[in-house]
Amino acid sequence: MNTLINKYNVPGPRYTSYPTVPFWQNEGFGEKAWLSSLTDTFRSTNTATGISLYIHLPYCESLCTFCGCNKRITKNHQVEKPYIEAVLKEWEMYLKYFSEKPQITEIHLGGGTPSFFAPEMLDLLINGIVKHANISTDYEFSFEGHPNNTSYQHLKTLYEVGFKRVSFGVQDYDPIVQKAIHRIQPFENVKQVTEWSRAIGYESISHDLVFGLPFQQISSIQDTISKTIELQPDRLAFYSYAHVPWIKGNGQRGFRDEDLPSAALKRQLYETGRTLFEENGYAEIGMDHFALPNDSMYKAMQNGTLNRNFMGYTTTQTKVLLGLGVSSISDSWAAFSQNVKDIDEYQTMIENDQLPILKGHILTDEDLTVRQQILDIMCQFATSWQDDEFSFEEKQVLFEKLEGFKQDGLLTYDENSLQVNPAGRPFIRNICMAFDKRMLQENTERKLFSQTV
């Protein structure tokens with residue numbers, strides 16, 4: 001395994017989209033082109049599958065130094081209402097372009113720290129959203145909760161407006177690791193919010209853990225997972241720490257590079273976690289996720305309906321994902337659009353009745369073909385293609401890349417299909433990169449992605 005880790009531990013995307021954001025072509029993209037694609041997809045899919053909403057809530061009271069998200073650190077809670085009002089106005093601006101009342105299938109509140117906002121502010125936000133929409137019968141509303149500041153009232157308020165799933169950011173319980181990443185979070189806090197959620201009626205409770213953090217050891221990850229299993233969350237995310245300190249505004253400065261586990265130890269941390277999860281009834285779902293058999297994500301993996309978008313893995317099949325709030329990304333399947341990344345600029349544009357669009361990408365037919373293949377690999381560990389989807393020369397290039405994985409026992413393939421072997425799952429990002437034409441065509445010296453292992 002160490003030989004394979006050394007071979008495949010290269011920078012690579014996590015493929016929540018294709019093309020990945022650094023390879024978007026902004027030429028030919030504009031507000032008009034984006035709205036045309038959005039409204040076309042909305043018109044053809046709203047009745048059948050509905051739409052998803054991602055709402056970015058960027059404020060945090062303190063900086064976690066492992067975090068690569070768009071956030072603003074403040075203890076000033078006067079910022080809450082103006083921001084919520086801006087998000088609601090952005091939503092109302094989009095409503096003007098829809099041909100009918102949107103049917104919402106999914107809402108996810110991410111951050112930042114959504115539980116930075118007072119329960120009454122979150123109530124104002126969600127009620128302001130849903131009053132303009134119909135709700136699908138199989139809807140899924142979820143939010144990210146910080147165990148240190150998610151109150152019983154947060155959970156109760158959001159449950160009463162339709163939220164049935166919550167994910168708590170745990171990361172690691174080891175005090176040395178917590179100090180290094182500036183995330184001091186006692187087990188008792190996580191236990192309390194988990195038990196509150198269960199008592200209130202949440203149907204799916206998730207804990208997010210991270211491997212590859214500074215000072216992590218096998219013994220510490222074993223202790224973290226032991227405590228996690230004690231609480232029996234329905235779903236687990238076991239993310240690889242993405243070390244990207246070069247990104248502007250990133251807080252990854254709280255430790256030295258030499259404090260991070262080696263690539264071999266990092267993979268060992270994951271394998272230790274995976275073994276413990278599986279021994280305790282959790283099944284591996286896609287990449288970095290585990291679920292108990294009662295969870296909807298497990299069922300989606302089993303019946304072939306697992307999906308992946310900018311929010312990560314999801315059980316919904318929407319083609320429209322509308323991102324609201326600063327830095328949020330929207331997806332119409334045939335186009336992407338990202339909002340401006342500065343909160344003040346975002347609010348000023350909204351006040352001036354401007355959609356706060358920063359950049360985007362219109363997908364070509366080739367992009368759409370590759371997108372589906374990468375999505376299938378990420379969600380089903382398999383994909384297939386028609387004879388006319390690749391030229392002879394393109395097939396030769398692809399097969400040359402796949403042959404290396406095949407020789408290493410990571411996958412099997414033939415003229416029109418591919419199947420990832422269990423041994424290949426740790427290298428799923430690398431396998432997807434073989435299909436990534438835009439990455440192969442781009443010659444860049446810039447640091448763009450975290451390591452794949």
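Residues in the sequence shown are numbered consecutively from 1, following the UniProt record's numbering.
Every residue, glycine too, gets a C-beta built ideally from N, C-alpha and C.
Rounded to a whole number of angstroms, what is the C-alpha to C-alpha distance between residue i and residue j?
| i | j | result |
| --- | --- | --- |
| Lys299 | Tyr54 | 23 Å |
| Lys359 | Ser226 | 44 Å |
| Val10 | Gln78 | 43 Å |
| Gln222 | Val170 | 14 Å |
| Ser136 | Ile350 | 28 Å |
| Gly145 | Phe435 | 35 Å |
| Leu355 | Thr364 | 24 Å |
| Gln259 | Gly12 | Correcting the residue type first, residue 259 is Asp in the shown sequence and not Gln. Approximately 22 Å between the Cα atoms of the pair. |
| Thr275 | Gly201 | 30 Å |
| Ser206 | Pro58 | 21 Å |
| Cys64 | Phe277 | 26 Å |
| Ala334 | Asp353 | 25 Å |
| residue 455 | Pro426 | Because the chain is modelled from 1 through 453, residue 455 falls outside the range shown and cannot be assessed. |
| Thr105 | Gly162 | 11 Å |
| Glu120 | Ser391 | 57 Å |
| Arg198 | Tyr152 | 11 Å |
| Asp40 | Gly30 | 16 Å |
| Glu445 | Thr20 | Low local confidence applies: a pLDDT of 49 at Glu445 is under 50, so the model's placement there is unreliable, with the coordinate-based value given in what follows. Approximately 17 Å, taken between the alpha carbons. |
| Phe42 | Thr194 | 36 Å |
| Ser384 | Lys131 | 42 Å |
| Leu35 | Glu160 | 33 Å |
| Gln347 | Leu265 | 44 Å |
| Glu394 | Val370 | 12 Å |
| Gln217 | His289 | 21 Å |
| Phe255 | Lys179 | 10 Å |
| His108 | Gln25 | 27 Å |
| Ala423 | Leu88 | 46 Å |
| Phe23 | Asp172 | 33 Å |
| Leu38 | Pro261 | 43 Å |
| Ile229 | Asn189 | 15 Å |
| Ile428 | Tyr313 | 14 Å |
| Asp414 | Ile184 | 50 Å |
| Glu389 | Gln419 | 18 Å |
Taking Cβ positions, are residue i and residue j nearer each other than 9 Å?
| i | j | result |
| --- | --- | --- |
| Glu85 | Phe116 | no |
| Phe168 | Pro147 | yes |
| Asn307 | Cys379 | yes |
| Gly323 | Ser332 | no |
| Ile126 | Leu155 | no |
| His56 | Gly111 | yes |
| Asp367 | Arg267 | no |
| Gln386 | Ile357 | no |
| Leu321 | Ile51 | yes |
| Phe215 | Val177 | yes |
| Asp234 | Glu203 | yes |
| Glu90 | Gly286 | no |
| Thr16 | Met301 | no |
| Leu236 | Lys191 | no |
| residue 465 | Ile374 | Here the chain has residues from 1 to 453 only, and residue 465 is not among them. |
| Leu269 | Gly281 | no |
| Thr318 | Thr305 | no |
| Leu4 | Asp376 | no |
| Leu122 | Pro114 | yes |
Mark residue i as exposed unless 16 or more other C-beta atoms lie within 10 angstroms of its C-beta, in which case mark it buried.
| i | result |
| --- | --- |
| Ser328 | buried |
| Leu95 | exposed |
| Trp246 | In this prediction, Trp246 has a pLDDT of 47, which is less than 50 and means its spatial position is unreliable; what the coordinates show is noted afterwards. The residue in question, Trp246, is exposed, as its Cβ has fewer than 16 Cβ neighbours within 10 Å. |
| Arg165 | buried |
| Phe405 | buried |
| Asp295 | buried |
| His361 | buried |
| Arg14 | buried |
| Glu284 | buried |
| Pro82 | exposed |
| Asp273 | Note on identity: in this sequence residue 273 is Gly, with Asp being the wrong assignment. When all chains shown are included, Gly273 counts as buried. |
| Leu440 | exposed |
| Asn416 | exposed |
| Asn309 | buried |
Any C-beta of chain C sitting closer than 9 Å to the C-beta of residue i?
| i | result |
| --- | --- |
| Pro82 | Of the protein chains in the structure, only one exists, and it is not chain C. |
Discussion item. At 4 residues or longer, what runs of the alpha helix (DSSP H) sit wholly inside the segment 366-453?
Written reply: 392-407, 428-433, 437-441
Item to complete: With a floor of 4 residues, list each alpha helix (DSSP H) that falls wholly inside the segment 227-308, ordered by position along the chain.
Response: 263-279, 296-303
Item to complete: Would you check if there are 3 or more beta carbon pairs closer than 8 Å linking the segment 394-401 to the segment 46-64?
Response: no
Worksheet item: Do the segment 61-69 and the segment 92-106 touch if we need at least three Cβ pairs shorter than 8 Å?
Response: no
Item to complete: Could you tell me whether the segment 231-244 touches the segment 206-213, where touching means 3 or more Cβ pairs closer than 8 Å?
Response: yes
Worksheet item: Can you list, in chain order, the stretches of the alpha helix (DSSP H) that have 4 or more residues and sit fully within the segment 124-203?
Response: 152-160, 175-180, 187-200
Discussion item. What ranges does the alpha helix (DSSP H) occupy inside the segment 49-77, keeping only unbroken runs of at least 4 residues that lie completely in it?
Written reply: none
Practice prompt. Could you name each continuous alpha helix (DSSP H) segment of 4 residues or more that falls completely within the segment 309-364, going from the start of the chain to the end?
Written response: 343-351
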